[in-house]
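Chemist: Chains as they are written, first to last, in the numbering used here: chain A, 8 to 167; chain B, 176 to 864.
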């Protein structure tokens, strides 16, 4: 009887935690996609919560300070760490992506302060949705610039 | 020459560590105290050895020896000396040496203690420390050598310890890359060592736990010996986490302090198990329960510490912290798996003799509520772990990599944190052994009434947000119940001892350091919860471009743009652009703020530094986003109002006080022993025995 009491309590907590995890996972899942995958999905990708990674094209960065609207293009890079290593590391892969005119590209719109680390050949990791106009609307923008720093580089998280 | 010397000393330390572990096992198995003593001395020797290697590395860092790859990567000529010293832990190779050095410091300290009563633990404690140390030193010597130099051979420059080919010459760059400007901040200078101190000090309780398992001593001796270690470890880890948050708030300019980044979570996970451990060991001490559970908690903490060190440095997970894709990743995973399997095997082997001395009877007894608190901490851990590994799991099963962001963690952990706040109020009021709804109700009704009154007042004066009101109710309940505990204890003592109130409360606290230190920590947690509720629920923001003399309104504040100046500070290689804004609240002038952007020429990087005005009610947080050339439109600002966030930092200071108070050495250990014996004899005989 006593054991049952504690057992029931434990089972109740377990069920609650499983429910919390399952429902929260469903509510906030974001699909990791590369730009090639996004393009391949076509219209199926529109409106889906996506975490997208790509190489920033430096010439395309535009910032409208009045509306805090940032636009830039990103080119496809592989999402596979091993593949990136095999091609000479992230810095090299980003460089290749930027100079290769045949890469798939997508335009990104982000509203907010311009992140400090945004520049050509940076890796942008964006969370957001693909619009019907083919532009990726990012809610969150993280940047990595692996060229110069070996060590942990802090986040440039800009949450809107 | 110096690089070779440093490397040589590292290799010698590795050999000594291996010897120490081998001798310890040998001595224990053959019952040779001379052998164990030799292992102990070898362990002591690692400290001066690694100190010499570390000293050499620091010398190279400070004196611009850019032929050493690590020095080149983390320092530059323009960096001040203190930053060159702290660059020691600015990169992977150096931080592994730093880890090893801390471990050598702690292990030496622990092997120097008086062992007379528990000499059988000694060889096993030495063994566990030696294995851990061997692993970390091995990683530095084989894969991440901080002394590797650049060699020029056949027109190529590559890092290597020794000449890679005949005719190769050492290549010395003129200047190093330097530390990322964002990291050149006092908070960032001490944030990593604090975390590492916390990580490494948890190795000691783990080592004692393993020693207890191996020797088959099932009493709570290992817990008593390592109680303070665990507390200090917890203090450092907590403080490291808070410093990271404060740094993010001050430097990163996104108006927040915690982003549920995988690396933040990696440091948070051992904190969760460590906190659960600190609570549940009390139950073993007082009631002889949960012995298996405590073993599992300390094993998990150790595994998460190693896992955390690895995650922060691996690049396995998509994180903004982790950069280098390092060869040591698989070895870390291997080491974690091995130690985990070995430790769990030990627990299973000793399972029968770890049985509880009494039985848990009442659902509302203090031990049951402590157990519930443990389950909540573990639930939060499960949520975090699930979030971190979810991309890997989903890829494995669906082929599609899916990740979860901060909303996942916020949603899933908020009810669990709320449960913890509630327990913080209730658990200290319940009795060991047996409590009922009636006894608990009698103890808590005053606090519930006080909390309800506060919530009603807040409802009419501050907010109608239901989440915030529930949160404030729990905070108020926890605060009033805890403060009431101080009051009750002091009043009782005042009556029996005939002391005045202040003498009574100070003696009360002095005699029960851990208990009242714990209550201070509970108060600090409630204060921090106020700050977190404030920024999570009530944060407001606005943005816009202003011409000189124009202003923007937000939450009662008026921010008026006055002027902007831009200048080069050539010595430091930085361009500063600083705006001056005047702040008014309800028409009253409060002062000026100076949000600025620093541009670092060498790294071509901006650093956005907010202008902040902090009060207990809210923080005004102004970011300079962009500006137009003089005489044109003006400057663009993003402004946050973060209500109550200051309580987060105030809470963390109170927290520090509480832990130090709890961990401070007792002045009269004899008295403690006497009391312990009384409580032991009072234990109820177990029905199971």
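For each residue, glycine too, the CB sits at the ideal point set by N, CA and C.
(1) Taking C-alpha atoms, which residue in B:477, B:524 and B:531 lies nearest to residue 512 of chain B?
(2) Got a sec: which bits of the segment 563-577 of chain B sit with their beta carbon under 9 Å from any beta carbon on chain A, in order along the chain?
(3) Once the 5 residues before and after residue 725 of chain B are set aside, which same chain residues still bring their CB inside 8 Å of it?
(4) Give the secondary structure of residue 775 of chain B by DSSP, where H, G and I count as helix, E and B as strand, and everything else as coil.
(5) Note down the Cα distance separating residue 540 of chain B from residue 12 of chain A, rounded to an integer number of angstroms.
(6) If you run the structure through DSSP and keep just helix, strand and coil, what is residue 839 of chain B?
(7) For residue 360 of chain B versus residue 260 of chain B, is the C-beta spacing smaller than 8 Å?
(8) Using CA coordinates, which residue listed in B:750, B:243 and B:266 is at the minimum distance from residue 179 of chain B?
(9) Measuring only the C-alpha atoms, how far is residue 50 of chain A from residue 135 of chain A?
(10) Taking CB distances under 8 Å as the criterion, tell me whether residue 24 of chain A reaches chain B.
(11) Opposite residue 751 of chain B in the DSSP bridges: which residues?
(12) Within the 8 Å Cβ cut-off, does residue 586 of chain B reach chain E?
(13) Should residue 866 of chain B go down as buried or exposed, given a rule of 16 or more other Cβ atoms within 10 Å for buried?
(14) Who are the Cβ neighbours of residue 185 of chain B in its own chain at under 7 Å, not counting the five residues just before and after it?
(15) Below 8 Å on the Cβ atoms is my contact criterion, and I expect residue 703 of chain B with residue 594 of chain B to pass it. Report the Cβ-Cβ distance as a whole number of Å.
(16) If you measure from the beta carbon of residue 156 of chain A to each beta carbon in chain B, is any gap under 8 Å?
(17) What does residue 583 of chain B reach in chain A if we use C-beta pairs closer than 7 Å?
(18) In whole angstroms, what is the alpha-carbon distance linking residue 270 of chain B and residue 473 of chain B?
(19) Within a Cβ cutoff of 6 Å, which residues of the same chain sit near residue 306 of chain B, ignoring the five residues on either side of it in sequence?
(20) Would you call the CB atoms of residue 683 of chain B and residue 664 of chain B closer than 8 Å?
(21) Is DSSP giving residue 735 of chain B helix, strand or coil here?
(22) Beta-carbon within less than 8 Å of residue 283 of chain B's beta-carbon, same chain only, minus the 5 sequence neighbours each way: which residues are those?
(23) Can you confirm whether residue 639 of chain B, when its beta carbon is compared against all beta carbons of chain A, has any partner nearer than 8 Å?
(24) Identify the continuous alpha helix (DSSP H) that holds residue 796 of chain B and give its terminal residues.
(25) Identify each residue in the segment 787-801 of chain B for which the Cβ-Cβ distance to at least one residue of chain A is less than 8 Å, and report them in chain order.
(26) Is there a C-beta anywhere in chain B that falls below 8 Å from the one on residue 78 of chain A?
(27) Could you spell out where the beta strand (DSSP E) holding residue 788 of chain B opens and where it closes?
(28) Distance, Cα to Cα, residue 128 of chain A vs residue 84 of chain A?
(29) I'd like to know whether the C-beta of residue 843 of chain B is nearer than 8 Å to at least one C-beta of chain A.
(30) If contacts are defined as beta-carbon pairs under 8 Å, then residue 275 of chain B and residue 385 of chain B qualify, I think. What distance do you get, rounded to the angstrom?
(31) How close, in whole Å, do the beta carbons of residue 231 of chain B and residue 177 of chain B come, if the pair is a contact with beta carbons under 8 Å?
(32) Please classify residue 14 of chain A: is it buried, with 16 or more other beta-carbons within 10 angstroms of its beta-carbon, or exposed?
(33) For residue 943 of chain B, count neighbouring Cβ atoms within 10 angstroms of its own Cβ and tell me buried if that reaches 16, exposed if not.
(34) Could you tell me which whole beta strand (DSSP E) segments of length 3 or greater appear in the segment 466-541 of chain B?
(35) Going by DSSP, which residues form a beta bridge with residue 721 of chain B?
(36) Take residue 600 of chain B as the anchor and find which of B:579, B:589, B:622 and B:582 has the nearest alpha-carbon.
Modeler: In brief:
(1) B:477
(2) 565, 566, 569, 570, 575, 576 and 577
(3) 735, 736 and 809
(4) strand
(5) 13 Å
(6) coil
(7) no
(8) B:243
(9) 15 Å
(10) yes
(11) B:742 and B:773
(12) Protein chains A and B are contained in the structure displayed, whereas chain E is not.
(13) Because residue 866 of chain B is not part of the residues shown, which for chain B are 176 to 864, the question remains open.
(14) 228, 312, 315 and 316
(15) Not quite, the Cβ-Cβ distance comes to about 16 Å (not below 8 Å), so this is no contact.
(16) Model confidence at residue 156 of chain A stands at a pLDDT of 38, short of 50, so the residue's coordinates are unreliable and nothing is read from them.
(17) 31, 32 and 35
(18) 24 Å
(19) 196
(20) yes
(21) strand
(22) 218, 219, 221 and 222
(23) no
(24) First-last for residue 796 of chain B: 793-802, but that is the beta strand (DSSP E), not the alpha helix (DSSP H).
(25) 798, 800 and 801
(26) no
(27) 786-789
(28) 11 Å
(29) Only weak support is given to the placement of residue 843 of chain B: the predicted model assigns it a pLDDT of 47, under 50, and the value that follows is read from those uncertain coordinates. Answer no: the Cβ-Cβ gap between residue 843 of chain B and chain A never drops below 8 Å.
(30) So it is not a contact: roughly 19 Å between Cβ atoms.
(31) 6 Å
(32) exposed
(33) Within the shown structure, residues of chain B are numbered from 176 to 864, placing residue 943 of chain B beyond reach of any answer.
(34) none
(35) B:810
(36) B:622
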